[in-house]
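Take the sequence shown: its letters are residues 206 to 613, numbered as in the numbering used here.
Cβ coordinates follow ideal geometry from the N, Cα and C atoms, glycine included.
These numbers come from a predicted model, not from an experiment.
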Amino acid sequence: MNCRHCNNELNHIFCDLQTCPPSNAMVKKEDLNSPETYFPLKVFVCEKCWLVQVDEIEKAEDIFNSDYTYFSSYSSSWLTHAQKYVEYMTDRFNLNQTSKVVEIASNDGYLLQYFKQKNIPVLGIEPTLNTADVAIEKGIDCIVDFFGVKLANDKLKGSADLILGNNVLAHVPDINDFLKGVKIALKDDGVNTFEFPHLCKLVEFNQFDTIYHEHFSYLSLTSLNTIFEENGLEIFDVEELETHGGSLRIFSKHKEDLTKLVSSRVGDLLNLEANLGVDKIEYYTDFQRKVENIRDQFQSFLIDQKNKGGKIIGYGAAAKGNTLLNFTGIKGNDLISFVVDKSPYKQNKFLPGSRIPVFGEEAIREFKPDFVIIFPWNLKNEIYNQLSYIKEWGGQFVVAIPTLEIIN
Ligand SMILES: [Zn+2]
């Protein structure tokens, strides 16, 4: 296997999570007697450009099919984040009724709706029809397709003042084609922003559960700086964000556009990454051991509680939980009775691989669990507040990452 950016042969494993089904492939009740398809989940690092990446086993079209069940609007903290971003960008880059904002992976319109409220013209690009339909119902123009050179040439040439993508860069199988497309779609003086979980936080806080098949790459500024440069784009600013356990927001422009200064924050963060060792192979080769420790802690906790008669459920039927559960080897509902999720699209289905049933939140009060495992640890405070009533019967919260912790 070769690097999807620089084509260098990949010889170093960063993390091997064995095999699991695609994390969004919820199992319907009528399919419980059918087999599931498992794929290896192994992550490599390229020692030339430092792009951390999974095998490209499945084509993106197979994963992002019409059963895709991730709807951005279901998280209130994410909506707040989107709204703040819109205010900030409108101010900083003077966006107005004559501008054009293009969001790649616009999902259900969770973000573009705020630009639209300001009468700033928007266009969403979203490959999954059922999420795009929700955006279209909100009056947001959408192209239902994958973004890349072809789409940019056909429909977007030089038209965008702002192109944004939140948590999309890591989901792109062909990062070069994607960035070439961005360059084609961007106006001469336009700006792109991309947000993505920062690889350095993943390493520091053991966030291996952010690794799943839909995530093709794990990104540092060091690797992206090279990849953008080689695709004719220049990163001119970067911000560190709290979202998803520690993300970066990078600002880029045409390399030829000299109207914007490069912020010292770019060089500062590159230095910080160099000090951490991001450009040395040793930085990557110790991660597997830490991941296996977390797996062992989590298994021990569940078995220990089962022996004591403790009732355990999970919260959040999403990718993070599925990666953790599948790597830990949990099957069925004897250790974790069920998982609760807000999204009606997931309720009364079963998690891929572990086949733990998913119910709505009302099941919590009926069952009165002793422990609620919060799978999306990045939403820990939000979920803690939302479910604080479990304390009425002495219930406690648990997170498994960065290390197993019981929260009272
Ligand atoms: Zn490479």
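Separation of Ile611 from Ile368, as counted between CA atoms: For the purposes of this step, residue 368 is taken as the residue at position 163 of the sequence shown. For the purposes of this step, residue 611 is taken as the residue at position 406 of the sequence shown. Approximately 41 Å between the Cα atoms of the pair.
CB-CB length for Ala340 against Ser311, believed under 8 Å: Stepping through the sequence shown from its first residue, residue 340 is reached at position 135. Stepping through the sequence shown from its first residue, residue 311 is reached at position 106. So it is a contact: roughly 6 Å between Cβ atoms.
Spatial distance of Val604 from Thr533 (CA atoms): Your numbering for residue 604 matches position 399 in the sequence shown. Your numbering for residue 533 matches position 328 in the sequence shown. Looking at the two C-alpha atoms, the distance is approximately 14 Å.
Spatially closest choice to Ile354 from Lys362, Ile348, Tyr423, by CA coordinates: For the purposes of this step, residue 354 is identified with residue 149 of the sequence shown, where counting begins at 1. Looking at the sequence itself, residue 354 is Val, so the reference to Ile does not match. The residue with the shortest Cα to Cα distance from Val354 is Lys362.
Option nearest Ala479 by Cα separation, candidates Val248, Leu404, Asp350: Taking the sequence shown and counting its residues from 1, the one referred to as residue 479 is at position 274. It is Leu404.
C-beta atoms of Arg470 and Thr398 nearer than 7 Å: Residue numbering aside, residue 470 sits at position 265 when the sequence shown is read from its first letter. Residue numbering aside, residue 398 sits at position 193 when the sequence shown is read from its first letter. Taking 7 Å as the Cβ cut-off, Arg470 and Thr398 do not qualify as a contacting pair.
DSSP-derived helix/strand/coil call for Leu404: Within the sequence shown, residue 404 is the residue found at index 199, counting from 1. Looking at Leu404 - three-state DSSP - the assignment turns out to be helix.
Thr415 versus Ala230: straight-line alpha-carbon distance, rounded: Counting from one through the sequence shown, the residue named residue 415 turns up at place 210. Counting from one through the sequence shown, the residue named residue 230 turns up at place 25. Rounded to the nearest angstrom, the two C-alpha atoms are 16 Å apart.
Near ligand 1: Lys253 beta-carbon under 6 Å from a heavy atom: For the purposes of this step, residue 253 is identified with residue 48 of the sequence shown, where counting begins at 1. Correct: Lys253 has its Cβ closer than 6 Å to ligand 1.
Beta carbon of Phe413 nearer than 7 Å to that of Val496: What you label residue 413 is simply residue 208 of the sequence shown in a count that begins at 1. What you label residue 496 is simply residue 291 of the sequence shown in a count that begins at 1. Their beta carbons are under 7 Å apart, which means Phe413 touches Val496 by this criterion.
Rounded C-alpha distance that separates Thr464 from Gln322: Residue 464 sits at position 259 when you count from the first residue of the sequence shown. Residue 322 sits at position 117 when you count from the first residue of the sequence shown. Distance between the alpha carbons of Thr464 and Gln322 is about 29 Å.
CB of Leu426 within 7 Å of CB of Leu475, strictly: Taking the sequence shown and counting its residues from 1, the one referred to as residue 426 is at position 221. Taking the sequence shown and counting its residues from 1, the one referred to as residue 475 is at position 270. Cβ atoms of Leu426 and Leu475: closer than 7 Å.
Buried versus exposed call for Leu540 [16 or more other C-beta atoms within 10 Å across all chains shown]: Stepping through the sequence shown from its first residue, residue 540 is reached at position 335. It counts as buried.
beta-carbon Leu256 near ligand 2 non-hydrogen atom, thresh 6 Å: With respect to ligand 2, the structure shown offers nothing to examine, as its ligands consist of ligand 1.
C-beta atoms of Ile499 and Asn411 nearer than 7 Å: For this step, residue 499 is matched to residue 294 along the sequence shown. For this step, residue 411 is matched to residue 206 along the sequence shown. Yes, the pair counts as a contact, with Cβ atoms nearer than the cut-off.
Where Glu308 falls: helix, strand or coil (DSSP): Counted from its first residue, the sequence shown places residue 308 at position 103. Glu308: strand per DSSP, three-state reduction.
7 Å Cβ cutoff met for Ser457 and Pro402: Walking along the sequence shown from the start, residue 457 turns up at place 252. Walking along the sequence shown from the start, residue 402 turns up at place 197. No, the Cβ-Cβ distance between Ser457 and Pro402 is not below 7 Å.
For Ser425, three-class secondary structure by DSSP: Here residue 425 refers to the residue found at position 220 of the sequence shown. In the structure shown, Ser425 sits in coil (DSSP, three-state: anything other than H, G, I, E or B).
Continuous alpha helix (DSSP H) assignments of at least 4 residues falling wholly in the region 533-606: 567-572, 585-591
Run of the alpha helix (DSSP H) containing Glu487, from where it starts to where it stops: Numbered from its first residue, the sequence shown carries residue 487 at position 282. Run containing Glu487: 487-490, per the alpha helix (DSSP H) assignment.
Paired residues, beta bridge with Tyr520 - DSSP: In the sequence shown, residue 520 corresponds to position 315, counting from 1. The partner list for Tyr520 (beta bridge, DSSP) reads Val545, Ile579.
Backbone CA spacing between Ala265 and Thr285 [nearest angstrom]: To locate residue 265, count along the sequence shown from 1; it is residue 60. To locate residue 285, count along the sequence shown from 1; it is residue 80. Legend: pLDDT at Ala265 = 49, less than 50; position of this residue unreliable, value from coordinates given subsequently. Rounded to the nearest angstrom, the two C-alpha atoms are 29 Å apart.
For Arg570 and Glu597, the rounded distance between their alpha carbons: For the purposes of this step, residue 597 is taken as the residue at position 392 of the sequence shown. For the purposes of this step, residue 570 is taken as the residue at position 365 of the sequence shown. When rounded, the distance between both Cα atoms is 10 Å.
Through-space distance from Glu308 to Gln601, alpha-carbon basis: In the sequence shown, the residue the question calls residue 601 occupies position 396. In the sequence shown, the residue the question calls residue 308 occupies position 103. Cα to Cα, Gln601 sits roughly 39 Å from Glu308.
Ala230 (DSSP reduced to helix, strand or coil): Position 25 of the sequence shown, counting from 1, holds the residue named residue 230. DSSP places Ala230 in coil when its eight states are reduced to three.
Residue burial classification, His217 (beta-carbon count within 10 angstroms, cutoff 16): Translated into the one-based positions of the sequence shown, residue 217 becomes position 12. Exposed: under 16 other Cβ atoms inside 10 Å.
Spatial distance of Asp491 from Glu252 (CA atoms): Within the sequence shown, numbered from 1, the residue matching residue 491 stands at position 286. Within the sequence shown, numbered from 1, the residue matching residue 252 stands at position 47. So the alpha carbons of these two residues sit roughly 15 Å apart.
Collapsed DSSP secondary structure at His449 in the structure displayed: Position 244 of the sequence shown, counting from 1, holds the residue named residue 449. Three-state result, His449: helix.
Endpoints, alpha helix (DSSP H) assigned at Val467: Counting from 1 along the sequence shown, the entry for residue 467 is found at position 262. Note, Val467: premise wrong, no alpha helix (DSSP H); not H, not E.
Selected residue, minimal CA-CA separation from Leu356, among Val387, Lys392, Asp236: Against the sequence shown, residue 356 aligns to sequence position 151. Ranking the options by Cα distance to Leu356, first place goes to Val387.
Neighbourhood of Asn324 by C-beta distance below 7 Å, restricted to the same chain and skipping five residues each side: The count along the sequence shown starts at 1 and reaches residue 324 at position 119. Around Asn324: Gln302.
Own chain, CB closer than 6 Å to Pro245, minus 5 neighbours either side, in chain order: Here residue 245 corresponds to residue number 40 of the sequence shown, with the count starting at 1. Once the five neighbours on either side are set aside, the close Cβ partners of Pro245 are Thr224.
Straight-line gap, Gly437 to Cys347 (C-alpha atoms, nearest Å): For the purposes of this step, residue 437 is taken as residue 232 along the sequence shown, with counting starting at 1. For the purposes of this step, residue 347 is taken as residue 142 along the sequence shown, with counting starting at 1. Going from the Cα of Gly437 to the Cα of Cys347 covers about 27 Å.
Endpoints, the alpha helix (DSSP H) within which Glu610 is located: The sequence position of residue 610 within the sequence shown is 405, counting from 1. Element bounds for Glu610: not the alpha helix (DSSP H) but the beta strand (DSSP E), 610-612.
Cβ shell of Trp255 (< 7 Å), same chain only, five flanking positions each side left out: As a working mapping, residue 255 is identified with position 50 in the sequence shown. Taken in chain order, the residues that qualify are Ser425, Thr427, Ser428, Val483, Asp484.
Cα-Cα separation, Phe441 to Asn430: Within the sequence shown, residue 441 is the residue found at index 236, counting from 1. Within the sequence shown, residue 430 is the residue found at index 225, counting from 1. Their backbone Cα atoms lie some 10 Å apart in a straight line.
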